[in-house]
Every structure is written in C-alpha cells, then in structure tokens.
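Numbering (my numbering), first residue to last: 56 to 278. Glycine residues also receive a C-beta, built at the ideal position from the N, C-alpha and C atoms.
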Ligand SMILES: N[C@@H](CCC(=O)N[C@@H](CS)C(=O)NCC(=O)O)C(=O)O
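Structure below.
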C-alpha cells in the first residue's frame, strides 16, 4: 500500500489549507507534521527538505514537494481532478487562479494589522460581489451543468467551494445573489469525501484566531 502523504506546516489554515481540502475531496488520507516553533522550521531547512526554505512542504510518492501551486497541480493530476484535455485544463487553471486571487486577499486580511482591517475588508466585499462571484455564477449559468468544467468535479470546484466557506465566514449575505454558487456549494459539500472533511474533528482548520496568529508570527518571523 502506498504511503499516506505527509504535510509539513503549522497547525493553521494558511497556504496549506487548500492542499488539505484537495486531498480530502479526493478521498486521500494524509498525515500532518506540525511545525510548532522556529526551531522545527529551522530543522527542516537544515535537513535540506525545503528547496526555498519555505513551507508548505508535502512528502508524497518519494518526493518532498514545495510551492503550493506545484503541490496542488500534482495532487489534482494524480487524482484526476484536472480536466480531460488541455482545453479543460486551461479553463480549470483560469478559474483556479481567480479563486487564488480572492483567497490570497482573505489570507492576508487574516494577518493584517488592526488599522488596515476595515479598508481590506471593504475591498474583499467589493471584489467578491462585483468581480469574482458574478464571474463564476456566469460560468455555471452559461452551461447549466453541475460543475464548472466538463460536467465533472474538478479542482476548480473544490477550490471555489473552499473559498465560498471563507467568504461566508466573513459575511454570509455576500453569496445571497448567487444561487448557482450556493447550489454548487451544496452539491460539493454533499460529496461523501467532502462531507466527512466538513465534520467536526476532521483535519480542516478553523479560522485564524489571535493565538494561532501569534504562533505563526513567531514561527515564520513576520510582523
Ligand atoms: N510561493 C510559496 C510561498 C510560501 C511561503 O510564503 N511560506 C511561508 C509560510 S506560509 C514561509 O515559509 N515563510 C518563511 C520564509 O519565507 O522564510 C508557496 O506558495 O508555497
């Protein structure tokens, strides 16, 4: 039996959470080795395990993969969540990059100084309702199918649904005018693998609180 992938990161969402979502949705069990101190991170660096001295790092199929996008690309390809041909793949890439842009804004919002929060939040809300949600709603409306690409679950649906949960944590009313996104969220959330991941006690991580922000600052040395 193949070894389970081993995820190296701190015990919080950050850049690893999309990897956790993708593996979970693919029905792949994974182990986590949490970085709990600057020394833990230094040890991985000194071992030569981190090509660019950064995490996320995932041990999978005898490799130590770094760079979030590379890791996601590998998992999506391996578990057949990346379209059936290059055209589908191009669409999936385009949608995934759009999701990643808004996701990055939300990630940075969770770690930004209190004085910048209001402006960042206003921009997130504006971009969500005026740019990203209308674009994805339009895709679903244009073909009337159950999933974004090829009428088949792909990484694009999984990353988008992960994002929908984050946006709803910020303000659940933001999705109100996007019924097809709501339906996609329900459909993907009901897949047995995703349903399991959404249960309490899974490896899904909660929103960043003060304590985990302090922990992340200490480990990754940002202010
Ligand atoms: N482009 C990289 C960025 C990784 C990154 O910024 N990792 C942070 C933690 S979330 C880190 O390791 N920071 C320590 C450092 O850069 O020295 C990726 O997507 O994996």
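Residue i - DSSP class collapsed to helix/strand/coil
| i | result |
| --- | --- |
| residue 252 | helix |
| residue 115 | strand |
| residue 181 | helix |
| residue 282 | The first residue shown for the chain is 56 and the last is 278, placing residue 282 beyond what the model contains. |
| residue 221 | helix |
Check whether residue i and residue j have beta carbons under 8 Å apart
| i | j | result |
| --- | --- | --- |
| residue 18 | residue 85 | This structure cannot speak to residue 18, because the chain is shown only from 56 to 278. |
| residue 87 | residue 258 | yes |
| residue 263 | residue 75 | no |
| residue 111 | residue 157 | no |
| residue 239 | residue 216 | yes |
| residue 138 | residue 205 | yes |
| residue 279 | residue 115 | This structure leaves residue 279 out entirely; the chain is present only between 56 and 278. |
| residue 145 | residue 248 | no |
| residue 93 | residue 273 | yes |
Cβ-based burial, residue i [other Cβ within 10 Å; buried from 16]
| i | result |
| --- | --- |
| residue 106 | exposed |
| residue 183 | buried |
| residue 270 | buried |
| residue 219 | buried |
| residue 72 | buried |
| residue 77 | buried |
| residue 165 | buried |
| residue 132 | exposed |
| residue 277 | exposed |
| residue 231 | exposed |
Self-check item: Segment contact, 8 Å Cβ cut-off, at least three pairs: the region 205-214 with the region 173-183
Solution: The region 205-214 makes no contact with the region 173-183: fewer than 3 CB pairs, one atom from each, lie closer than 8 Å.
Practice problem: Please go through the region 107-178 and give each complete alpha helix (DSSP H) segment of 4 or more residues, from N-terminal end onward. | Solution: Qualifying alpha helix (DSSP H) stretches, in chain order: 123-133, 141-165.
Practice problem: Examine the Cβ distances between the region 185-196 and the region 126-141 and report whether three or more of them are shorter than 8 Å. | Solution: Here the region 185-196 makes no contact with the region 126-141; the two share fewer than three CB pairs at distances below 8 Å.
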